[in-house]
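Residues in the sequence shown are numbered from 8 upward in steps of one, following this note's numbering.
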Amino acid sequence: MDTRSLCAPSDAFSCFACCPPIRPAHYDHMDFAGSLRRELRDNRRRFLAQGPGYRPIVGYSCWALGFLEPEGRRIGCLLHPSQNKGVDLRFLVDYGKKCMRESCPAARMFERIPRDCQDFWLTLVEGFDSFRFSSYGANPLFHLLLWGPQVLAHLHGKALDLGWSAANLVQRHSYLMSSKWNPLAHRFLFRLTLESITPNGHTCQVLESLCLKLRERIHGHPAAKVDLSENGAAVFTHLLPFERDFLDFIRLDLGYVKITHETALELEHAVTQLSELLFEL
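Written as structure tokens, this is what we have:
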């Protein structure tokens, strides 16, 4: 069974962006790489010499975060089951339950794309070390993977057809890294557009323009302007039985934290009609 994750996608590096579980806002390990290397080396040496035992986390530092091998390539939790023959020792720190739950949105998306698609996007981080790979500022995958498995797989197929590398694709499809778009909120629009237009018949600029037009038309539709503030039948949007990217769009872009099933159905029908009309042009 293939268990590769974004946390440990390679023998050359690993991700420890979410460790330790208490971090200041906008903290980035890469900013403190020099002092952290010494700390991680000391943590590994101490752990191997003394063995595991209960100790609380002090401040922003965790004694169980260290280098996972003598060469100091990969960095991670020394208490993780993968390091202890399947035994989970993370209860030995007082935030162990939080550590067990940690999984960033990018990591969850990564697990949903096929292995060959993972390989394709991982070429963007070839040559990275664990500090750079764990940096939200340096690692483009933290942003790109939020476009979701359907958009990423479609673009991967397009790149294969055209002989593009992942770097070529990102350069040509500049919207992927543009601050104008929120991948979680807008991947639904791009999925619809990518699935509806001729595979290689439109440029990146046309694709982005179509998504902008579709978004404008959806926002202008009466179904997108329903006041549900006093509607007792409204439920949290993410709980409804619709495609996840559609729910993220109506929650994050249209602003419906709560919505009724009926209104969501109306929106889905409206989007279908609007997209069909737009893509016929």
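Glycine included, each C-beta is placed from N, C-alpha and C at the ideal position.
- From PRO63, ALA19 and PRO31, residue whose alpha carbon lies closest to that of GLY83: Closest option to GLY83, Cα to Cα, is ALA19.
- Query: How is LYS187 classed by DSSP in three states: helix, strand or coil?
  - Reply: In this structure, LYS187 counts as coil in the three-state DSSP scheme.
- Message: Could you pull the DSSP bridge partners for LYS220 from this structure?
- Response: DSSP output for LYS220 lists no bridge partner at all.
- Query: In whole angstroms, what is the alpha-carbon distance linking LEU27 and ASP95?
  - Reply: The question names Leu, but residue 27 is Pro in the sequence shown. Cα-Cα distance, rounded: 16 Å.
- Task: Check whether the Cβ atoms of MET37 and ARG139 lie closer than 8 Å to each other.
- Result: Yes, Cβ-Cβ distance for MET37 and ARG139 is below 8 Å.
- Report yes if the C-beta distance between SER325 and ALA24 is below 8 Å; otherwise report no. Absent from the structure is residue 325, since the part of the chain shown begins at 8 and ends at 288.
- Task: On the DSSP bridge assignment, give the partners of CYS84 in chain order.
- Result: LEU72.
- Kindly indicate which three-state DSSP category VAL264 falls into: helix, strand or coil? If DSSP states are grouped into helix, strand and coil, VAL264 belongs with coil.
- Query: Going along the chain, which residues of its own chain have a beta-carbon closer than 7 Å to the beta-carbon of MET8, five neighbours each way excluded?
  - Reply: Caution is warranted here: a pLDDT of 41 is assigned to MET8, below 50, making its placement in the model unreliable, and the coordinate value is therefore given only provisionally. Hits under 7 Å: none found.
- Item | LEU176 versus GLY60, ALA160, PRO88 and GLY144, residue with shortest Cα-Cα distance | For the residues GLY60, ALA160, PRO88 and GLY144, the minimum Cα distance to LEU176 belongs to ALA160.
- Task: List in chain order: all unbroken alpha helix (DSSP H) runs of 4+ residues lying wholly within the stretch 106-163.
- Result: Entirely contained in the stretch 106-163, the alpha helix (DSSP H) runs reaching 4 residues are, in chain order, 112-117, 122-129, 137-140 and 148-151.
- Message: What does the alpha-carbon distance come out to for the pair MET184 and GLY103?
- Response: Each residue's Cα considered, the two are about 34 Å apart.
- Residues that DSSP places opposite PHE98 in a beta bridge: As DSSP reads the structure, PHE98 sits in no beta bridge.
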